[in-house]
Each structure stands twice: as structure tokens, then as C-alpha cells.
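See below for the structure under consideration.
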Amino acid sequence: MGIKVVPLGAGQDVGRSCVIVSIGNKNIMFDCGMHMGYHDERRFPDFSFISKTKQFTKTLDCIIITHFHLDHCGALPYFTEMCGYDGPIYMTLPTKAIVPILLEDYRKISVDRKGETNFFTPQMIKDCMKKVIPIALHQTIKVDDELSIKAYYAGHVLGAAMFYAKVGEESVVYTGDYNMTPDRHLGSAWIDQVRPNLLITETTYATTIRDSKRGRERDFLKRVHECVEKGGKVLIPVFALGRVQELCILIDSYWEQMNLNVPIYFSEGLAEKANFYYKLFITWTNQKIKQTFVKRNMFDFKHIKPFDRHLADAPGPMVLFATPGMLHAGASLEVFKKWAPNELNMTIIPGYCVVGTVGNKLLSNAGGPQMVEIDKKTTLEVKCKIHNLSFSAHADAKGIMQLIKMSQPKNVLLVHGEKEKMRYLSDKISKDFGVPCYFPANGVTVNIESSKLIPIDISSKLLKRQILEYSQANSKQFEDQQQQQQTHQQQQKQDNSDENINNLDPDEQPFKKIRSPITQLPIQGILVAKDYQNLKLLDPSEASSELSINNINLNYILNYKIQTNNKSTTTSAMDGLEILQDRITELLPHDQINRINQSQLVIKNQVVIQFDKVQQQFTIRWSNHHEQLFSDIYKLLEKQFGEQL
Ligand SMILES: [Zn+2]
7 MGIKVVPLGA
17 GQDVGRSCVI
27 VSIGNKNIMF
37 DCGMHMGYHD
47 ERRFPDFSFI
57 SKTKQFTKTL
67 DCIIITHFHL
77 DHCGALPYFT
87 EMCGYDGPIY
97 MTLPTKAIVP
107 ILLEDYRKIS
117 VDRKGETNFF
127 TPQMIKDCMK
137 KVIPIALHQT
147 IKVDDELSIK
157 AYYAGHVLGA
167 AMFYAKVGEE
177 SVVYTGDYNM
187 TPDRHLGSAW
197 IDQVRPNLLI
207 TETTYATTIR
217 DSKRGRERDF
227 LKRVHECVEK
237 GGKVLIPVFA
247 LGRVQELCIL
257 IDSYWEQMNL
267 NVPIYFSEGL
277 AEKANFYYKL
287 FITWTNQKIK
297 QTFVKRNMFD
307 FKHIKPFDRH
317 LADAPGPMVL
327 FATPGMLHAG
337 ASLEVFKKWA
347 PNELNMTIIP
357 GYCVVGTVGN
367 KLLSNAGGPQ
377 MVEIDKKTTL
387 EVKCKIHNLS
397 FSAHADAKGI
407 MQLIKMSQPK
417 NVLLVHGEKE
427 KMRYLSDKIS
437 KDFGVPCYFP
447 ANGVTVNIES
457 SKLIPIDISS
467 KLLKRQILEY
477 SQANSKQFED
487 QQQQQQTHQQ
497 QQKQDNSDEN
507 INNLDPDEQP
517 FKKIRSPITQ
527 LPIQGILVAK
537 DYQNLKLLDP
547 SEASSELSIN
557 NINLNYILNY
567 KIQTNNKSTT
577 TSAMDGLEIL
587 QDRITELLPH
597 DQINRINQSQ
607 LVIKNQVVIQ
617 FDKVQQQFTI
627 RWSNHHEQLF
637 SDIYKLLEKQ
647 FGEQL
């Protein structure tokens, strides 16, 4: 076996998450995302890497989608309906409910507004979603006889999950996006100590240790408040679902508290749909929301009203939440174009923006007025203030280290981050945890060595027999040791006759030393493999009946002649047989060695040794069932009389 990983997207990059993992002969696609920064074929992962002949269903065993963000699921209908993948797709129930809404929204922007072609249709989204199998948190699903998957809570956004996939004894955890600190509406990620062979983690904030959440929230509210007080307009580009629900809770209660009446708007009808799903999947939110929900629905906002396009030109201060979050299209970009030239206004980007989006361009030189290219035809002079407040729920460096500690992986692989930050974090992980850490680019394969341990069932008959034989063989050694010890202690007793025996070291006290339990035992049996999952070590008699074959008895005879130049050993009064008997006595208890007559010795009633004095030759007879005993005796023979030529 062994594990192979190749990112088709999110390798040393953020966006277009798609990681192909092979565990043994099973191939899993984790996430099937699109890249917000591209409008050509690069927006989707390069699926030809999986199969040049489009044999996707045959090659992949399943697809797992971690959460509804488009950079994790945006390419799914394209892959299933246009590339032809027809196998199982797994995601949580909230993800399954929300994904089609976001896909349709994205399709509308790309096709209806921008006129893009070669795109999936509304029907394709529906057909694709029909193939999805929902998985509950902590539920284990057997994809087939060998591959099983389990979902864990990831925080991040409603319905987000991390996934544990196992084949035989090898396993992988893929995090998707997650956060290790709870927020206003979701809990923090959690996983069992599953000790996977490989943990694949996101690294969006690999080098950041974010200041306290409260500090960031205060900063956010202060900036918004100051701006509207001076008559400015605040634009907050957001994803329709996720952080925005948290920010709405935050700003709505602040407005209430401060008794403010500056209007707050939320663009598009998506807000209502989003809030509907939060209510529907309330069990996925954090404890506090669940509790207050009884008294007041946290997602029914008092101060936030739906936005109408003409309001963008209305005079006076206002706050607007508008999608999409990276300012690459849609309402947020339209409004930004109108508001950006006025220095009274402000744009707060509460998340991460991928390279190629307007949001990313704004953040990469947030030092005052700037000329920003909106598209090939439009350049905009930006005079409004630009702020980035990291509210997006990703694990920071501390959180990533926490997850490693929690899950105890043997290897770590970083995706969904920037190369330089990954390099830094990778060094830190290798140093702190002593495990190998990788961060491959897209299309680069990483091979993880498999663990060499293969579990084997052992028959109780074989085990009992071997324990018995082992203890018999060792009781001789043990008795000798005990005898030596007693003699030694008796001597000591005489030497220290004045002293009380109890003053001696406890280990030295007579008869205290008990026989140590058997912790390691060499076992010899027959390994029967019916399939990979089911290996059994059996007693030879069991193996033959298990496999319905006849038990064959083979008898062997071996002649061993003492070399003439080795006469020295036999010139004494003892002959060869006596010498060998002595040696065997060191190995086995007396009652297992039977001297039949002058020239014949029988060991354990199983191996017969004869000695011809004239020829100076041993003749040994044994059967194939007593190979080990014979080989032990033969070793003694060689040790005593030299190797046979
Ligand atoms: Zn996400």
C-alpha cells in the first residue's frame, strides 16, 4: 500500500481546491472547487490529470465536498455533468442544501451577466445534486468493502466538515477550511485522536497569529461607526453565507446598543435564504445561538433591511453588505465602482481575497489612493479607505498546530495557502512535531511511505501450543537461573551472617524473583491469505483443513559425519552422542530428552538421533512438522563439531 497525493488545485495556492488522494488502490477526490481569479479554463481544476481518456467514474472511488464555498465545490456540476463523473459524492446535509443556491448564483453572474460560454446550466446543477449522498457528523459511511469515511465538525461555515478516510490500516484526514476558535455563530473544529498516516490541512493564515476576536470586533465596529458619523458610506463585500451572518449579529446588536439609525442593507435575496438555512440547521451552530434561539431568533435582524440597487445613489451615510466577497463581480463590485472615488467612504474586506480579484488588488497596496484595474477596459481611481479585517474563519498558525496535536498524524501536507508561508509553517511543523511535512504545487505528486504493520489474526490453537512449547523450553533456563540465584544467596547469607537478611536489596532477597511474563514470543505457523483484509496465522493442521488440502507427512533423514580433524572432541571418554545430549540438556528439560540405549536418543518423542561410533556419524530422523526442533538441534551439532562440508 502507500498513500499518494496530488493537488489539482490549492497546491501552493488558494482557490480551486481539489486534492486527489490514493490510499492503496482507492482514489478519492477531496473538494472540487473553482478559482475566483480566472475566467478561462483555469477556473476549474485540470481533470485530465485523473484520466486522459475521461474514465473518471472508473478511476475515482468517490468525491468528498467539505463545505459550500465555491472554491471548494464550484466545479462539481462541470465535473459530473460535462466531464461525465457518475460515482458517489458525499457532503453534509447543510452543504447539500446550500451548494445549489450558490452555484446558481455564480452561474447567473458568469453566464447571464458576463456572457461566458461552456458553462453548466440550471438543470445540470439539479442533476448533479441528485447524485449527492448526505453524511452526518460522526457518521461512518462504508463507500465500499475497503474504503470508509467519517465526518467531523470543522466550524468555518454552516455545514463545514473535515473528513477521515480509511483503507485497511491506512488513513488520511482532509480538513477543508476550519477554525479552532468558536465565533458568534459557530463552534470550533474538533476531531478524535485518529492518528492518520497523513493530515492534509489548509494554511490560509499559516504565518498569522491573530489577535483576540474581541479586539477585531471592536476595531470593526469603531471603524464603521466613525465612517457613518462623518457621513460616509461603508461597503462590506461578503460571501452570501458564512461570516456575514456573524457580522450581521455583531452590527445589529451594536446599533441597538448605541441607538443608531443609519440604515444597514444587505444586498440580494440571498440573505433571506441564508438565514432560512441557519434556522433549519440550528444544531450546527454554537451553544449560545441554540439557547437564545428559543427567546429570539438571532437571524431575524432588527436594523438590517434588504437592499435595492437605486439606494446606491441615495445621499447620506449607510452600511451595505454585498456579495460577492472578493469584489470580482456582481453587486459588491457595482457599488464599489460608485463609492470608491469618494474619500469619505470606506470598504472593509472581512476575508481573504484570491489573486486576480479586485479585492486582492486593493489589499496588496492598501496605502491610500490608488489606480486599480477593474477589468481590461476599466481603471478606477480609488480614494475611499480600504481595510482588511480578518473575520474569515480559518485556522491561524496556532490553530493549525492545535489540530496536529489533536489528531496526531504521522505526516502533514499543506494546501490552500501561499508558498512562502507554507515553507515557514512546514519548517515549524517538522521541528515541533518531528513529522515530515510537504507542500506540493498543483500537479506534483507526493508519495507517503506506508506503514509496514499488517494486522494478522492468529488461531488460539496455534498460540496456546506455541506458548506451551516456549514456556517448556524456557522453564529449563529459568530453573537454572533460580538455582544459581539460590546458591548465590546462600553464599551471601553466610558472608553477611551478622546482618538481618531483610536489609538486603529487595531484588536480592531469596525466592522473590518471580518469572517474568512472556511479552514477546516467536510464532511459527502457516499464513493463510484469503483476501487482503483477512490474514490468518494458523496451526499447520488447521491450515490444511481451512484450505481443504490433505495434510502431507514428510520424513527426513540426515547424516552428519564428525570430521576426522575434529577428533579432539571425541578422544575423551565421552562419545559424540553423550556430548550432544549434554548440549541439548542446556536447551530442554530432562524429561524431554530420552536416551533409549547406547546409540539412540529421542527428543520430545519427535526427533530421533542415532550415533555410529565406528563411522563417527549421526543419523537424524524427523518429520516436516518438527522443522524448528530439528534446526535447533542441528545448530548445536554444528556448534560442537563444526560445519558439515
Ligand atoms: Zn471556505
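Going by this note's numbering, the first residue of the sequence shown is number 7, and it counts up by one from there.
From the three backbone atoms N, C-alpha and C, an ideal C-beta is built for every residue, glycine too.
Contact annotation: the segment 205-218 does not touch the segment 229-248, with fewer than three C-beta pairs closer than 8 Å.
Excluding its 5 nearest sequence neighbours in each direction, S605 has C-beta neighbours in its own chain below 8 Å: L583, Q616, F617, D618, K619, listed in chain order.
Rounded to the nearest angstrom, the gap between the Cα atoms of D52 and I555 is 53 Å. M97 and T207 have their C-alpha atoms roughly 18 Å apart.
Counting every other CB atom within 10 Å of its CB across the protein chains shown gives Y283 a total of 16 or more, marking it as buried.
The three-state reading of DSSP puts N33 in strand, counting E and B together.
The DSSP-derived three-state label of R48 is helix. Pairwise C-beta distances place the segment 110-118 out of contact with the segment 136-146, as fewer than three of them are shorter than 8 Å. As the crow flies, the alpha-carbon of D438 is around 20 Å from that of T181. Looking at the DSSP output, R627 sits in a beta bridge with I563, V614. Between the alpha carbons of L420 and I95 lies a distance of about 24 Å. Proximity to ligand 1 was defined by a C-beta distance below 5 Å to any of its heavy atoms, and the residues meeting it, in sequence along the chain, are H75, D183. Here K434 carries a helix assignment [DSSP, helix/strand/coil].
Taking a contact to require three or more Cβ pairs closer than 8 Å, the segment 41-60 and the segment 20-29 qualify as touching. If you compare the alpha carbons of E475, Y184, F307 with that of A401, the shortest gap goes to Y184. N366 and M332 have their C-alpha atoms spaced approximately 7 Å apart. Relative to E152, the option among E176, P83, M135 whose CA is nearest is E176.
A residue is called buried once 16 or more other Cβ atoms fall within 10 Å of its Cβ, and G531 is buried on that count. Taking every protein chain shown into account, the CB of G648 has fewer than 16 other CB atoms within 10 angstroms, so this residue is exposed. Q376 carries a strand assignment under DSSP once its states are collapsed to helix, strand and coil. Going by beta carbons, D545 and K467 fall inside the 8 Å limit. Beyond the five residues adjoining it in sequence on each side, I609 comes within less than 8 Å, by CB distance, of I590, L594, Q598, I599, N600, I615, L635, I639 in the same chain, given in chain order. Its chain contains H191, L192, Y284 as the residues whose beta carbon lies nearer than 7 Å to that of T291, once the 5 sequence neighbours on both sides are disregarded; these appear in chain order.
A distance below 8 Å separates the beta carbons of H393 and I354. Beta-bridge analysis with DSSP links K148 to S154. Taking all protein chains in view, the Cβ of M264 is surrounded by fewer than 16 other Cβ atoms within 10 Å, so the residue is classified as exposed. Look at V105 here: in three-state DSSP terms it is helix. Shown here, V608 sits in a strand according to DSSP, grouped into three states. I206 has Y180, L419 as its beta-bridge partners, per DSSP. Across the structure, H494 and N557 are spaced so that their CA atoms are roughly 51 Å apart. For C359, DSSP records no beta bridge to any residue. Taking every protein chain shown into account, the CB of H596 has fewer than 16 other CB atoms within 10 angstroms, so this residue is exposed. In this structure, DSSP gives C68 an extended state, which the three-state scheme calls strand.
Judged by their CB atoms, T65 and N33 are nearer to each other than the 8 Å cut-off.
As the crow flies, the alpha-carbon of L256 is around 33 Å from that of I70.
A straight-line Cα-Cα distance of about 59 Å links V250 and Q526.
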